[in-house]
Structures are given as C-alpha cells and as structure tokens.
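Enquirer:
In this note's numbering, the protein residues as written are 788 to 1450.
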C-alpha cells in the first residue's frame, strides 16, 4: 500500500533509469517500449513484497494505445495470473487500477471524437476551432471518469489508473492530427464524391470557310441577342414596362370619367415599382430597337411564345384605328395636370415607349422580323438547311451566329417548332460530338470527344454536365469521360456538353450524348483469417480478480475470420449467408453462437465485413493440427442463381494454457 503507480512511454524511457526497480524489470520494459512505440506501461514506483513472498518483486501492465490490448507482465517475463490467484486483496487493487485506466482512456478519447464528429461537416477554415473544442470536451470527460472509482474496491488505485488512462488518451489524441486509424466493422465502400460537371478550355482552328451564312430551319427555340431592330404585330394583350411614354394626342380616362385630352406624357409613379402599359387586344404593330436577349419558344399554337430580358428598348406602338392602353403605376400628365391610379389612354396616334426588363416580348405574334448588325442568334436542335460560305453544314444539335449582320425572321407554326430564316454574314459555331449515343453496364464508363465546327478560330470553354451521381471529366483536347454510378437506373441518361467561344462569351452551343445504362447483377465474397482477434475457449475461473485480462480461458489463434461481402449489383439486394462444413454448433456468425445463417441487406455497391468465429463446443480440444475446412456462400434472395462463395479452414493451434491455479 502507498506505492504510487507511474506511466512510461517511448518518449519517457530515459526516466525509467531512476525508478527503484530491478534491472531485469527495467530491461524488459525498455525492450517492450522499443519494440512497440504505441505501448503505455503502468508500473509501481518501487519493488513490492507480495503476501506470502520472501523477496520483493515487481509487475506491470502494458497497454497498446492503438489496439487497447492490455498485457500483464511479471519481473520474470511471465503473466501475473499465477500471482493474482494467491494475492487476495492485492488483486482488488490491480483490478481497480485496470478499471480506472480503461475509464480514463475511453472517456478522454471518446469525448474528443464525440465532440469532433458532432461538428461535422465543417470547412478547412473551421478545423482549428473544432479541434480545440473537442480537446476541451476530452479533458472534461477525462475528469468525469473518476466517478467510476466509486464502485471499485480500491479507490486510490482506481484514480491512479484514471490519471494514467487520461494521459494515455491524450497521448493518443496528440497523434490524432491526422486522426487515429479507423476501426472498421461493417462499412460500405470508401465514399467518393462524384464530379457531375467539369470544364476545360479547348483551342480550335477554323474548319469552315467564308462568312456568308444562309439559314432556313425549323427549331423549338430561337434566341435573339445583343442589339437588333424588331418588328411584329399582335392582337393579344401585351404588356410594356416603361420608364417614359409619350403620345401626340390622346384621351385619358379613369374608369368612365374623362380626365383630359391632348399631348400625354407618363412615367413611373414610384422608383421602386414599374409603370406598365397593356394593349387592349386591338391589332397593334410594334417597331422597336432593343438590346439584351429575347427567347422564342415553339408552342402548340401557331403564334410565337416569347420571353425577354431587355437591357434597354425603345418602341413605337401603332394601329390603323383607335386603340386603348391600360396604365398602372404611372403618373400621367395631360393638359398640365398630373394623374395617378388605374388609368386608360385612348388614342389613334402612335405611342412611344422606352424602358428595360422582362418586357416588350412578341407573345402571340404571328412572326418577328429583325434587322441585325453585330447581333447574335442561338438556335436549338434544328432541321433544315444551313450553308456557310455556300457549303452545307449540319443543323442538328443547334448552332450560334455571332457578329451577325443581315435580316432574320422567326415565324410561328402549329406544333412545337418555329421557322428561323437568316441571310447575311456571321461567325458560325456548331458543337459536334464524335458519337451521340453509347451504352454501358451500370458502374461502367463511356468516352467521346467534342469539337466545334466554326468559320473562325477561337478558344472554347467546354463544360460537360451529367446526372446526379455520375462522374465526368473533359480535357484540353475535348475528350469526355463519363462514369456511371453502380446504382444508375437502367435506361437512357443524358450527358450535355456546352461550348462557349471566347470571342462571343454571351453565346453558347450545346450537344447531347445519350448513354443507355444496362443493369448489372453481381456479388463478391472473400473469407480470410482476422489476426486481430483470438477466440476464448474453456471455463472462466470465477472470483480471480476484477476485470482480469487472463480469466483462465485458452485463446485460440487463427479461429477468427472476416467475411467481406460486396453487392456489385446495380440494385439493392438482400443476401442469405450460410456457413457449412464445421461441426454443429461451432460457428459464431453475426455474434450469434452456433449460427450458420445470416441475412444481409446491401445497397448497390455496398460492402460489409462480417465476423465468423470458430468455437469448439467440446470439453477437450482435438489434437493439435486437426484441420476443419468450411465454406461460406452468399445467395441473393431475389435471384437464386446469383451467388458467390469462398472456402477456408482452421487448424487446432498449439497454444499453452495461460492460467495455472495452485491449491
């Protein structure tokens, strides 16, 4: 009693020389620490004369901070189990010491990792504060571990163990940047985060000659870009957001009340809200100069459907007869008086408007004509004729015209396509693929190349997009690789490629590669010895000591196996795992003694590791070297033909009994 316990590691080995214990003990401790730098040695600070003994001796604990394996060693190199059986009260002290060490170590390390993973996910900039908080929690949990000593036979020895365990835990955590090695039980494949889009700059020289371009195609989508002059007419109620509105002569009404007549000017009543003029369904002809973008969609009706984002526009609205505009959010000046509210403007004159925003779109117009100068057009997948320099080029997958000068028109038609016509000069761009379709089993990859047909040399930013879960890449030569996930659904999947010219960054061309994925059926199984564990066999000696490392049972080596089971199918499946060949009751499968069957549900691509242990149920072991072969089979519940198997064997080892009891 009263002998303190000291802790030594490879880093404090030089302090061992000052310890008043035998040279034999120092030599054994030094050898152990040198052979395994992860060891923590707990040793009394002085030699001890055991009850019934006539000479002082010494014993210590060796704890591996990586595996948490505890080994008790005597001065002569043997385990302390013999001494424990005769020490009586001293056994309680050692048991308390071991219990305290375990509590301190586990509380410290688990407190750290518990706090650490509570903070996941976090960015690289946050890792310092996360680690600091985790270490603070670890310190608090380590202190709380002393509570375990309330139930121990010797509280002083237990607290000494706690302190040593906390120190060992902190030493382990000091190596935790990077973290401690993982202890894997049942885990899926390593998690990978797919890149569903990728970009590269591809330099290409012109492969088309001439700048004269003639187009007559049908397409579901036309984009009008940059500065153009537009003309269209419509009988629909079209709205115009405006900053200014003027008309030479008009009547202004509020409801049925005439407010005034004459020259009219209008502007937004508030800067935060736009002023809007809406036509009344009369046939209105619109002539405008615009800057920005206009999208024209093929609709089921024969008229155009349009959406716009005008950087600026100015327009003249006219009709062959009197027409009406409804004004909202405007202050209207007529006859020197300003009016606000919901007003009606009735006139037979042309109305001039200017403004910006999502407005002045030719919705439900029969056709749109434009006069282009340094304008741009984008055309989706099209059919018809296109010539560049008088030579035909493909219209499929669509194209773009930059710096276009000439005349263009878009005419609506029943169905989903409109007609686009252009005649003039332009820089022509069309993205083509080496193949437009391919096939692969789920989990497989496809390759194709992308290139731009153009009459100008340029550098293109090519970006490829894939469905969620896919992994794609593209290089500077335009080579595209698309990797499908193992759980990709059977059927067609689109890989979309965009190319943006450096000379026309506001325009882009695109193409689609369709990948047809076929389902995959597969399963893999591998059985191998797990050297991490031994299997205890025999009877436990009761009442030896608390938390004994050696409890009288023999540790059978080579009797613990790992079974790696992988579902390589493209769908989730449940597998029936069976073990055959061993004597009845010998197998421990899925922690169930005597079990030979286990059902395991797995996601597509998931891998698990099952524990399979061999524990003879006889009272006397067979002869050393007796071999027991066995086979493990995994069969899919929904497909009996889908199966995998592996075989191994266990031989009775030559292992001495670790426990001798003297009476």
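We put the CB at the ideal spot given by N, CA and C, even for glycine.
Here the structure is a predicted model, which means the values were calculated and not measured.
Give me, in chain order, the residues of the same chain whose beta-carbon lies closer than 8 Å to that of residue 802; leave out the 5 immediate sequence neighbours on both sides.
Expert: These residues qualify, in order along the chain: 795.
Enquirer: Does the Cβ of residue 972 have 16 or more other Cβ atoms within 10 Å, making it buried, or fewer, making it exposed?
Expert: Because residue 972 carries a pLDDT of 36, less than 50, the predicted location of this residue cannot be relied on, and no value is offered for it.
Enquirer: For residue 1273 and residue 1258, what's the separation of their Cα atoms in angstroms?
Expert: Approximately 11 Å, taken between the alpha carbons.
Enquirer: If contact is defined by three or more beta carbon pairs under 8 Å, each pair taking one atom from either stretch, is the region 1292-1301 in contact with the region 1316-1325?
Expert: Flag = no, the region 1316-1325 and the region 1292-1301 do not touch.
Enquirer: Could you please give the first and the last residue of the uninterrupted beta strand (DSSP E) stretch that includes residue 1021?
Expert: 1008-1021 is the extent of the beta strand (DSSP E) around residue 1021.
Enquirer: Would you grab the beta carbon distance between residue 1204 and residue 1005 for me? Rounded to a whole angstrom, and I think it's under 8 Å.
Expert: 4 Å between Cβ atoms; contact.
Enquirer: Let's see if you can read the secondary structure: which residues bound the beta strand (DSSP E) around residue 1352?
Expert: Where residue 1352 is concerned, the enclosing beta strand (DSSP E) stretches over 1347-1354.
Enquirer: Please report the straight-line C-alpha distance between residue 1100 and residue 1240, rounded to a whole angstrom.
Expert: Each residue's Cα considered, the two are about 33 Å apart.
Enquirer: Taking only three categories from DSSP, how would you classify residue 1191?
Expert: In the structure shown, residue 1191 sits in a strand (DSSP, three-state: E or B).
Enquirer: Sorted by chain position, which residues of the same chain lie with C-beta nearer than 6 Å to residue 1244's C-beta, five sequence neighbours on each side aside?
Expert: Same-chain partners within the cutoff: 992, 993.
Enquirer: So, helix, strand or coil for residue 1424, using DSSP?
Expert: Here residue 1424 sits in coil by DSSP.
Enquirer: Going by DSSP, what residues sit across from residue 1093 in a beta bridge?
Expert: DSSP output for residue 1093 lists 1083 as bridge partner(s).
Enquirer: Kindly indicate which residue of 1224, 1371, 1432 has the alpha-carbon position closest to the one of residue 1312.
Expert: Per the Cα distances, 1432.
Enquirer: With DSSP as the reference, please indicate the residues paired to residue 1287 in a beta bridge.
Expert: Residue 1287 is bridged to 1248.
Enquirer: What did DSSP end up calling residue 1162 once you bin it into helix, strand or coil?
Expert: It is a strand residue.
Enquirer: Is residue 1062 closer than 8 Å to residue 1051 when the C-beta atoms are compared?
Expert: In this structure, residue 1062 does not lie closer than 8 Å to residue 1051 by Cβ.
Enquirer: May I ask you to report which of helix, strand or coil DSSP gives residue 1404?
Expert: Residue 1404: coil per DSSP, three-state reduction.
Enquirer: Which word fits residue 978, buried or exposed, when buried means at least 16 other C-beta atoms lie within 10 angstroms of its C-beta?
Expert: Summary for residue 978: the model assigns pLDDT 41, below 50, so the residue's position carries little reliability, and this model does not support an answer.
Enquirer: Give every residue of the same chain whose Cβ lies closer than 6 Å to the Cβ of residue 1142, excluding the five residues on either side of it in the sequence, and list them in chain order.
Expert: Result list for residue 1142: 1028, 1029, 1030, in chain order.
Enquirer: Among 1381, 1009, 1278, 1340, which one has its Cα closest to the Cα of residue 1328?
Expert: Among 1381, 1009, 1278, 1340, the Cα nearest to that of residue 1328 belongs to 1340.
Enquirer: Which one of 1128, 1207, 982 has the shortest CA to CA distance from residue 1042?
Expert: Here the closest residue by C-alpha is 1128.
Enquirer: Residues bridged to residue 796 by DSSP?
Expert: Note: residue 796 sits in no beta bridge, so no partner.
Enquirer: Just the C-alpha distance for residue 816 and residue 828, rounded to the nearest angstrom, thanks.
Expert: Roughly 8 Å between the two C-alpha positions.
Enquirer: Counting pairs of Cβ atoms below 8 Å between the region 1143-1162 and the region 1266-1280, do you hit three or more?
Expert: In short, these stretches do not touch, since the Cβ pair count stays below three.
Enquirer: Quick check: residue 1385 and residue 1397, are their CB atoms within less than 8 Å of each other?
Expert: The answer is yes: Cβ separation under 8 Å.
Enquirer: What first and last residue would you give for the alpha helix (DSSP H) that runs through residue 817?
Expert: From DSSP, the alpha helix (DSSP H) with residue 817 extends over 810-822.
Enquirer: What does a CB cutoff of less than 8 Å around residue 1179 pick up in its chain, not counting 5 residues either side in sequence?
Expert: So the qualifying residues of the chain are 1172, 1173.
Enquirer: Taking DSSP as the reference, what is the three-state secondary structure of residue 1277?
Expert: Three-state DSSP puts residue 1277 in coil, outside helix and strand.
Enquirer: Helix, strand or coil for residue 804 per DSSP?
Expert: Helix.
Enquirer: So is residue 1411 buried or exposed if we call it buried at 16+ other beta carbons inside 10 Å?
Expert: Exposed is the call here.
Enquirer: Only counting the same chain, and skipping five residues up and downstream in sequence, which positions put a Cβ closer than 6 Å to that of residue 845?
Expert: Closer than 6 Å at the Cβ level, and outside the excluded window around residue 845, lie 808, 812, 834, 862.
Enquirer: Going by CA-CA distance only, name the one from 1190, 1436, 1092 that's closest to residue 1316.
Expert: Per the Cα distances, 1436.
Enquirer: Helix, strand or coil for residue 1282, going by three-state DSSP, please let me know.
Expert: The answer is strand: DSSP assigns residue 1282 an E or B state.
Enquirer: If you draw a straight line from the alpha carbon of residue 1216 to that of residue 1039, how long is it in whole angstroms?
Expert: Distance between the alpha carbons of residue 1216 and residue 1039 is about 51 Å.
Enquirer: Confirm, please, whether the CB-CB distance from residue 1010 to residue 1082 is below 8 Å.
Expert: It is a contact, given that the beta carbons lie within the stated cut-off.
Enquirer: Would you check if the distance between the CB atom of residue 1200 and the CB atom of residue 1164 is smaller than 8 Å?
Expert: No, the pair does not count as a contact, with Cβ atoms beyond the cut-off.
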